[in-house]
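Novice: Would you mind keeping the following structure in view while I ask a few things?
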Amino acid sequence: MENPITSKCCNHQPWFVLLVFFVFCIELFSFDYSGFTAKKSALVTVLDDNHGNVINTQSSLPHDFTEITNASVSPLPKTDEKGDLKVGTEIDSCVGRYIFVHDLPSRFNEDLVNNCRLLTRGTDKNMCPYLDNLGFGPEIENPEDVLMNNSWFLTNQFLLEVIFHNKMKRYECLTNDSSIASAIYVPFYAGLDMSLYLWGFNTTVRDSASLGLVKWLSEKPEWKRMWGRDHFLVAGRIAWDFRRQSDNETDWGSKLRFLPESKNMSMLSIESSSWNNDYAIPYPTCFHPSKDSEIFRWQDRMRRQNRQYLFSFAGAPRPEYQNSIRGKIIDQCLASKSQCKLLDCNYGTTNCDNPVNVMKVFQSSIFCLQPPGDSYTRRSIFDSILAGCIPVFFHPGTAYAQYIWHLPKNYTAYSVYLPVKDLSEWKINLNETLLRMPEDRILRLREEVIKLIPRVVYASSRSRSETLEDAFDLAVKGILDRIESVRVMIREGKDPSIGFADVDDYKYTFSTYGNGN
Numbered sequence: 001m002e003n004p005i006t007s008k009c010c011n012h013q014p015w016f017v018l019l020v021f022f023v024f025c026i027e028l029f030s031f032d033y034s035g036f037t038a039k040k041s042a043l044v045t046v047l048d049d050n051h052g053n054v055i056n057t058q059s060s061l062p063h064d065f066t067e068i069t070n071a072s073v074s075p076l077p078k079t080d081e082k083g084d085l086k087v088g089t090e091i092d093s094c095v096g097r098y099i100f101v102h103d104l105p106s107r108f109n110e111d112l113v114n115n116c117r118l119l120t121r122g123t124d125k126n127m128c129p130y131l132d133n134l135g136f137g138p139e140i141e142n143p144e145d146v147l148m149n150n151s152w153f154l155t156n157q158f159l160l161e162v163i164f165h166n167k168m169k170r171y172e173c174l175t176n177d178s179s180i181a182s183a184i185y186v187p188f189y190a191g192l193d194m195s196l197y198l199w200g201f202n203t204t205v206r207d208s209a210s211l212g213l214v215k216w217l218s219e220k221p222e223w224k225r226m227w228g229r230d231h232f233l234v235a236g237r238i239a240w241d242f243r244r245q246s247d248n249e250t251d252w253g254s255k256l257r258f259l260p261e262s263k264n265m266s267m268l269s270i271e272s273s274s275w276n277n278d279y280a281i282p283y284p285t286c287f288h289p290s291k292d293s294e295i296f297r298w299q300d301r302m303r304r305q306n307r308q309y310l311f312s313f314a315g316a317p318r319p320e321y322q323n324s325i326r327g328k329i330i331d332q333c334l335a336s337k338s339q340c341k342l343l344d345c346n347y348g349t350t351n352c353d354n355p356v357n358v359m360k361v362f363q364s365s366i367f368c369l370q371p372p373g374d375s376y377t378r379r380s381i382f383d384s385i386l387a388g389c390i391p392v393f394f395h396p397g398t399a400y401a402q403y404i405w406h407l408p409k410n411y412t413a414y415s416v417y418l419p420v421k422d423l424s425e426w427k428i429n430l431n432e433t434l435l436r437m438p439e440d441r442i443l444r445l446r447e448e449v450i451k452l453i454p455r456v457v458y459a460s461s462r463s464r465s466e467t468l469e470d471a472f473d474l475a476v477k478g479i480l481d482r483i484e485s486v487r488v489m490i491r492e493g494k495d496p497s498i499g500f501a502d503v504d505d506y507k508y509t510f511s512t513y514g515n516g517n
C-alpha cells in the first residue's frame, strides 16, 4: 500500500528542491559576507592600532589627556563607492612614519637666511656663501685628488638646521593632515637666530624669538594633542647654547630649552646636553653624495689608502681651559716626529677650514685623536670616520654618550678609548700605547669605521638613497621611536612627563664606560 506521506511529498518534489536550494543560498551568502566584512574591519583596526594616537589616561596627569579620543591617525584602506574594501589594497608604508611640518612665520627661518650677512655679528666670516646648495655651501672646485668630484662642499658645521629642513622637504612620508602624523617637525632655525644676538645684546633680545615661537606653537591645534610631546626641532649649535640658567646679562646663550613649552619638545642638535629631551645627531661634514655608488666608491678608496702616520691630530691648544689635555697631545705628537702628523688649527690659521687639508692628513693616519675642545664634541670625529681613520676618544661625552642613534653601542668595535678625567691624571704615552695595538685588531677597527660612513653623512637633498640610510634617515627613525615610546606611556595610563625632560647627572660619567681598551 502506498504511503500517503511519501506520496504527497513526492508529488511536490520539484518545489521542495527549489525551496531547499533557496535556503541554502541565503545561508551561504550571509556567511560569506559576514566573514568578508570581519576581515575588512580587522584590517582597519590593525592600521589604527599600529599608530594609536591617544589614549585613556589617569586624571592625575598634568594636562587633561582625556579630551583626546582614539581618532584615526592613519589613512583608512581604500574602498569603492559602496564602501566595500577594494581587493588588493596594500597597507600604507608610511603608517607610523608620517611627519607634519609646521608652516612657521618667516621670521623663524626664511628671514634669517635672507639676512645671512647679519648672522655672524662678532666675527668676520660671511655666512651667505655657506647657504648655497641647500645649506651644503659651495662645491669644492679643486679636490686635489684627495676628494671625489661633485660630492664635496665647503659646508659650515653650524648649518645643520638648514640642511635638515631642506632634506625634510623631500621626506617620503610628509603629510598635510596633522591628525595622521606620528611627529610634528618645527623648522625653527634656533642656532641662526641666536648667532644674531650672542654678542652685545641683553637676555630679553636673545630670548625674543624663542618666546614668540612657543607662544605660536601653543596656540595651534596640533599642540593640544600631546601638549607638544610629539613636536621636535633641530638646532645647528650645541644644546648647551639654549640652556642659559639665569637672566644674568653675562651668561651665555638663550633659555629656549628651559621655557615650559619647550620642555615638552625634543631637540636634535650637534651635541646634546644632560637633559633627556636633547638628542645628538652628527655634525654636517663636507661629503654629500648623491648616489649610493658614490659612497661605495669612497669606502673602497679608504680601504686602499696608504697610511704613513701612526696617529694625527687636527686642532689647537686650549690654554684657557685649565684641564684641557690638548696641550699634552700636541707635545707628544711633536715629540713622536714621523709617527704623528699635526694639523695646526690655532686661531688665525685657515688650514682646518679647507677639507682638502683635513682629509689629506686623516687619510694618511691609522688613528685620529679626538679630545674635547670648546665643548665635549667636534666635527673632526666625523671627518676621521669619513677618512677611515680610527678615532681615539678621551672622554665618553665626546661620542659614546652622544650619538646613540648613529654610532654602535659597542664602542670598542670602532674606536679606541683612553679615559682621562683630569689633566693631572695624564699618564699616557700615545706613541707606545698605539704601537702596541695588534695589526689584526687595527684592520677590524678600520673596517668598522669605514662601514659607518653612510650613517654619518647627510646625502644630497636632491636625491634619495636606493639602499643606504644616511644621518638624516637615522635621526628621523630615532625621533619617531622616541615619540612612539611616549604614546605607549599614555596608552598605559602613565604620566608622559615623568622622565621626559629630566636631567641625567650620570650621562657623561666615566664609570659607565670602563677603563678603556
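In case it helps, UniProt numbering puts the sequence shown at residues 1 to 517. Beta carbons are placed, not taken as given, at the ideal position from N, Cα and C, and that holds for glycine. No experiment lies behind these values; they were computed from the predicted model shown.
Compare the Cα-Cα distances from C128 to each of V503, R378, A399, V113 and report the closest residue.
Specialist: V113
Novice: Over the uninterrupted alpha helix (DSSP H) stretch that includes H231, give me the two end residues.
Specialist: First-last for H231: 231–235, but that is the beta strand (DSSP E), not the alpha helix (DSSP H).
Novice: If you draw a straight line from the C-alpha of D230 to the C-alpha of L196, how long is it?
Specialist: If I take the Cα positions, the gap works out to 29 Å.
Novice: For A280, which beta-bridge partners are listed by DSSP?
Specialist: S269
Novice: Do three or more CB pairs link the region 138–155 to the region 355–372 at distances below 8 Å?
Specialist: yes
Novice: Taking the alpha helix (DSSP H) that F382 falls in, what are its first and last residues?
Specialist: 380–386
Novice: Below 7 Å between beta carbons: does that hold for H406 and R326?
Specialist: no
Novice: For P391, report the span of its beta strand (DSSP E) as first-last.
Specialist: 390–393
Novice: Rounded to whole angstroms, what's the CA-CA distance from I366 to N115? Just pull it up for me.
Specialist: Roughly 43 Å between the two C-alpha positions.
Novice: Count the other CB atoms within 10 Å of the CB of D241; is the residue buried (16 or more) or exposed (fewer)?
Specialist: buried
Novice: Does E139 come out as helix, strand or coil in the three-state DSSP assignment?
Specialist: strand
Novice: Count the other C-beta atoms from every protein chain shown that fall within 10 angstroms of the C-beta of K255, then say buried if there are 16 or more, exposed otherwise.
Specialist: buried
Novice: DSSP beta-bridge partners for D344?
Specialist: G315
Novice: At the level of alpha carbons, what is the spacing between A239 and L435?
Specialist: 37 Å
Novice: Which residues mark the beginning and the end of the alpha helix (DSSP H) in which C333 is found?
Specialist: 326–335
Novice: I need the DSSP call for residue 518, collapsed to helix, strand or coil.
Specialist: No answer is possible for residue 518: the residues shown for the chain start at 1 and end at 517.
Novice: So, using beta-carbon positions, are Y283 and I270 closer together than 7 Å?
Specialist: yes
Novice: Closer than 6 Å by C-beta to T509: which residues in its own chain qualify, once you throw out the five before and the five after it? Chain order, please.
Specialist: none
Novice: So, are the CB atoms of S460 and S290 less than 7 Å apart?
Specialist: Between S460 and S290, the gap from beta carbon to beta carbon is short of 7 Å.
Novice: Below 7 Å between beta carbons: does that hold for L480 and A181?
Specialist: no
Novice: Do you know how far the Cα of E492 is from the Cα of L342?
Specialist: Cα to Cα, L342 sits roughly 55 Å from E492.
Novice: Kindly list the residues whose CB is nearer than 7 Å to the CB of P371, restricted to its own chain and excluding five residues on each side of it in sequence; keep chain order.
Specialist: The answer, listed in chain order, is I325, R326, I329, F394.
Novice: For a quick check, are the C-beta atoms of W152 and C352 less than 7 Å apart?
Specialist: no
Novice: Would you mind working out which of W223, R243, L233 sits nearest T203, comparing C-alpha positions?
Specialist: Among W223, R243, L233, the Cα nearest to that of T203 belongs to R243.
Novice: So residue 561 is in the alpha helix (DSSP H); what residue range does that whole segment cover?
Specialist: Shown here, the chain extends from 1 to 517; a query on residue 561 therefore has no answer.
Novice: If you draw a straight line from the C-alpha of K409 to the C-alpha of L369, how long is it?
Specialist: 20 Å
Novice: Y309 by DSSP, collapsed to three states: which one?
Specialist: strand
Novice: Tell me the residue span of the alpha helix (DSSP H) that contains M299.
Specialist: Contrary to the premise, residue 299 reads as Gln rather than Met in this sequence. Start and end: 292–303.
Novice: Using a 10 Å radius around the Cβ and a threshold of 16 neighbouring Cβ atoms, would you call I335 buried or exposed?
Specialist: For the sequence presented, residue 335 should be read as Ala rather than Ile. Label assigned to A335: exposed.
Novice: Give me, in chain order, the residues of the same chain whose beta-carbon lies closer than 6 Å to that of I295; leave out the 5 immediate sequence neighbours on both sides.
Specialist: Excluding residues within five positions, the ones whose Cβ falls inside 6 Å are P289, P454.
Novice: I'd like to know whether the C-beta atoms of P438 and Y513 end up nearer to each other than 7 Å.
Specialist: Taking 7 Å as the Cβ cut-off, P438 and Y513 do not qualify as a contacting pair.
Novice: Apart from the five residues on each side of it in sequence, which residues of its chain come closer than 6 Å, Cβ to Cβ, to C94?
Specialist: Leaving aside the five residues that flank C94 on each side, the residues in its chain whose CB is nearer than 6 Å to its CB run, in chain order, C173.
Novice: Mapping DSSP to helix, strand and coil, what is G499?
Specialist: coil
Novice: Just list the residues that DSSP pairs C368 with in beta bridges.
Specialist: S312, P391
Novice: With DSSP run on the structure shown, which of helix, strand or coil describes V356?
Specialist: helix
Novice: For the beta strand (DSSP E) holding V420, just list the boundary residues, first then last.
Specialist: It is not in any beta strand (DSSP E) - V420 carries neither H nor E in the DSSP assignment.
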